[in-house]
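If you read the sequence shown in our numbering, its first letter stands for residue 11, the second for the next number, and so on.
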Amino acid sequence: MDWDKLRIFHAVADAGSLTHAGDTLHLSQSAISRQIRALEESLDTTLFHRHARGLILTEQGELLFEATRSMNKRLEATAARIRDSEDEVYGEIRVTTTTGFGTLWLAPRLPALYEKYPDLKIDLMLEERVLDLAMREADVAIRMKEPSQADLIRRRLINIRMRLYASPEYLAERGMPDTLEGLSNHRLICQSANAAQVQAGGVLVQHLMTYDIRSTLTVNNYYGVLQAVRSHLGIGVLPDYLTEDFPHLVRVFPDVESGEVPVFLAYPEELRHSKRVAVFRDFVTEEIIAYRKRQAIEHQAIAHEA
């Protein structure tokens, strides 16, 4: 197949119209249309259904678009690696992590990275779905469990736990529960036990729900849980890493927590020598080390006071 025609087909399929593809490719609609027709004739198939609102891929078109999308990602990765051979760190790095960790821990620390590398472009993709690094859906992942793929470089960053927190204002109004049975008189804010989340968090929520809690608020990410807790709506199940940035939160039931949740940073083997990946990896690692040192000092101070 003609590479140039495939490039034009990919742009049209991605844009969904000849007009938008023409703007991207700097070609006229008639020139693009001729190339698409020629490609369809060479393959002896129809790639698009044409209608007034634009173009829709046929089944055969979807198959070809899947292939060109994979090719395009590989080419982008190769181009990035070539650019990375230069001294300056610039270009795009696509980072995926959970909504909670990305909004509550990572994003507030990125100004320091941008200050050091102002030409870096970070595409932060926050979702609970695990993106496929091998298929280049992202360059770097920060995940709440060890990646299962063998061709990934991984680094264990930290262990976290889910704990119970409330605002001082809420506790002043409703009182601090003395026992877990007392949770029935409070509103529990958490992710649904069936929602996509770390297993340890789901297990803790399931356990808490056995205490006949009459009022609950479930949110599908920890950022939403935190905002509800800060709005004095109830007692929330939250990861312990956020207490450094939100020190006013009060821990409820100091002996109640989830099992340990390992946090891993991972990236494909082919990006081992990428300078962009290296500076991001080193930045996150340094921030984690500094965070762990501050936590250790805080724990020592608490132990000394006790």
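For each residue, glycine too, the CB sits at the ideal point set by N, CA and C.
Just so we're clear, the structure is a prediction, and the values are computed from it rather than from any experiment.
So, for R224: in the same chain, excluding its five sequence neighbours on each side, which residues have a beta-carbon less than 7 angstroms away from its beta-carbon? Beyond the five residues adjoining it in sequence on each side, R224 comes within less than 7 angstroms, by CB distance, of S194 in the same chain, given in chain order.
Which residues in the same chain as W115 place their Cβ atom closer than 8 angstroms to its Cβ, once the five residues preceding and following it in sequence are excluded? Taken in chain order, the residues that qualify are Y251, L252, D255.
Euclidean distance between Cα positions of S38 and G26: Our two residues, S38 and G26, have alpha carbons roughly 15 angstroms apart in a direct line.
Paired residues, beta bridge with M135 - DSSP: Answer is T106, bridged to M135.
Close Cβ partners of P187 (< 8 angstroms) along its chain, the five nearest in sequence each way excluded: So the list reads L193, N195, H196, I245, V262, F263, once near-sequence residues are dropped.
Within a Cβ cutoff of 8 angstroms, which residues of the same chain sit near E270, ignoring the five residues on either side of it in sequence? Leaving aside the five residues that flank E270 on each side, the residues in its chain whose CB is nearer than 8 angstroms to its CB run, in chain order, N169, I170, R171, A210.
Whole-angstrom distance between R119 and K303, CA atom to CA atom: Taking the straight line from one Cα to the other gives about 16 angstroms.
For A117, name the three-state secondary structure that DSSP assigns. If DSSP states are grouped into helix, strand and coil, A117 belongs with the helices.
Just the C-alpha distance for A160 and G212, rounded to the nearest angstrom, thanks. Cα to Cα, A160 sits roughly 27 angstroms from G212.
Cβ contact (3+ pairs, closer than 8 angstroms) linking the segment 268 to 285 and the segment 232 to 241: Counting Cβ pairs under 8 angstroms, fewer than three are found: no touch.
Count the other CB atoms, across all protein chains shown, that sit within 10 Å of the CB of A238; report buried if there are 16 or more and exposed otherwise. Classification for A238: buried.
R153 versus R166 - alpha carbon distance: Approximately 10 angstroms, taken between the alpha carbons.
Just checking, does the segment 66 to 83 make contact with the segment 116 to 135 on the three C-beta pairs under 8 angstroms criterion? Between the segment 66 to 83 and the segment 116 to 135, the count of Cβ pairs shorter than 8 angstroms is below three; the stretches do not touch.
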